[in-house]
Structures are given as structure tokens and as C-alpha cells.
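Enquirer: Can you read through this structure? Questions will come right after.
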Amino acid sequence: MKKNMGFIDRTLRVVIALALIVLFVTGIITGVWGVVGLALAGVFLLTSLVSTCPLYLPFGIRTNKK
Numbered sequence: 023m024k025k026n027m028g029f030i031d032r033t034l035r036v037v038i039a040l041a042l043i044v045l046f047v048t049g050i051i052t053g054v055w056g057v058v059g060l061a062l063a064g065v066f067l068l069t070s071l072v073s074t075c076p077l078y079l080p081f082g083i084r085t086n087k088k
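Heads up: the sequence shown begins at 23 in our numbering, then just goes up one per residue.
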């Protein structure tokens with residue numbers, strides 16, 4: 023897969039993922055919304071690690087410098 027995420031995009035996703043995890047662990051977000059938040063955090067962390075966002079591909083969005 024082609025890398026289509028820049029440094030700022032990846033960093034923001036990691037920060038948001040960590041915030042969602044902290045909110046779940048501290049009990050601020052619970053139940054279904056907590057599980058949805060954890061799933062979203064997992065997706066954000068995974069896409070940040072591989073530097074590719076599958077949703078960007080069909081639209082031709084690239085946040086990295088080529």
C-alpha cells in the first residue's frame with residue numbers, strides 16, 4: 023500500500039487514540055460508546071503505524087509530501 027499520511031496526520035491520530043483509551047480506562051466513556059471509542063482508537067493507531075489511510079485512497083487524498 024502506498025503511504026498517504028503525513029507526520030502531522032499520524033501524530034494527531036495517535037493523540038486522539040491515546041485520549042480515547044484514557045477516557046475508557048478512567049471510566050468516563052463506558053458501554054457501547056466505550057467499545058466504539060476503543061475500536062476507533064485501534065484503527066487510528068494501526069493506520070498511524072502503517073502510514074496509510076484506506077479511506078484516503080478512493081478520494082486521492084495525500085497528507086504527506088511526495
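C-beta: ideal position from N, C-alpha, C; glycine also. In this text, all values refer to a predicted model and were calculated from it rather than measured experimentally.
From V58 to G64, what distance separates their C-alpha atoms?
Expert: 10 angstroms
Enquirer: Following a CB-centred definition, is L45 positioned closer than 6 angstroms to any heavy atom of the ligand SAH?
Expert: With respect to small molecules bound, the structure shown includes none, and the ligand SAH cannot be examined in it.
Enquirer: Please state if the CB of T74 and the CB of K25 are separated by a distance shorter than 7 angstroms.
Expert: Yes, the Cβ-Cβ distance between K25 and T74 is below 7 angstroms.
Enquirer: Under DSSP, the alpha helix (DSSP H) around R35 begins and ends at which residues?
Expert: 29-47
Enquirer: Relative to the alpha-carbon of L62, which residue among R84, V37, P80 has its alpha-carbon at the smallest distance?
Expert: Closest in alpha carbon position to L62, among R84, V37, P80, is V37.
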